Amino acid sequence: MRPLLPSLLAAFAFATASSAFAHVTVSNPWARATVAQQQASGVFLELRSAHDDAQLVGVKTDAASSAEVHEMRMQDNVMKMRAVPSVNLPSGQTVTLKPGGYHIMLMGLKKPLVAGENVELTLDVVHADGAKESIAVTAPVRALAPAAAGQPAPGGHQHQH
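According to mature numbering (1 follows the signal peptide of the UniProt record, and there is no 0), the sequence shown holds residues -22 to -1, 1 to 139 in order.
Structure below.
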């Protein structure tokens, strides 16, 4: 048994070290409050992949029947919104999901999003080496005045899994 222990320890050390590199951080998450009968809303946040290129490839939440990553952009002088399969997260760069750009769209909300409450999400990320990462995010719900529409909201936190 003894000769096996050093190789097991080495394998564990390697697995621990490599998982440390598969790390995307989330900051400033927030969700837009809804009004009565509104069935959709947006979630906004900042993502940063510290050690390698990665991609945001999916979102899950119990707050809505579906959650998708969307992009808003001008096309033929018309602002268009469409679902995208992924968002690139270049190593060392902060990627902002914000109103008027990339964002998370919650559709088929199960109940109104009320300012002061939170929306729980899980972000699915794939790293350049194929490693997968799930990131639990708590996004505070914010009621926005029109003047504050593009401003990041303070608060929120993340849990790494």
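Ideal Cβ placement from N, Cα and C applies to all residues, glycine included.
Since this is a predicted model, take the numbers as computed values, not measurements.
Outcome for residue i when other beta-carbon atoms lying within 10 angstroms are tallied against a minimum of 16
i	result
residue 188	The structure shown has nothing for residue 188, since the chain only spans -22 to 139.
residue 149	Since the first and last residues shown for the chain are -22 and 139, residue 149 lies out of range.
Gln53	exposed
Tyr77	Before going further, note that residue 77 is Pro rather than Tyr in the sequence given. Its Cβ having fewer than 16 others within 10 Å, Pro77 is exposed.
Ser112	exposed
Pro7	buried
residue 142	As shown, the chain starts at -22 and ends at 139. That puts residue 142 outside it, with no answer to give.
Val97	buried
Ser69	exposed
Val119	buried
Val13	exposed
Val73	buried
Phe(-2)	Since pLDDT at Phe(-2) reaches only 49, below the 50 mark, its modelled position is unreliable, and no value is offered.
Where residue i sits in the DSSP three-state scheme
i	result
Glu46	strand
His139	Any reading at His139 must be qualified, since the residue scores a pLDDT of 40, below 50, and its modelled position is unreliable; no value is offered.
Leu91	coil
Val56	strand
Ala61	strand
Gly86	strand
Range of the contiguous beta strand (DSSP E) that encloses residue i
i	result
Gln33	Ala32 to Lys38
Lys110	Lys110 to Arg120
Gly20	Ala18 to Ser27
Val104	Asn96 to His105
Asn6	Val2 to Arg10
Val73	Thr72 to Leu75
Val65	Val65 to Leu67
Contact check, residue i vs residue j, beta carbons under 8 Å
i	j	result
Leu84	Leu23	no
Leu87	Ala42	yes
Val62	Arg26	no
Ser64	Gln33	yes
Val21	Ala9	yes
Val115	Val47	no
Leu99	Lys38	yes
Asp102	Lys89	no
Ala106	Asp40	no
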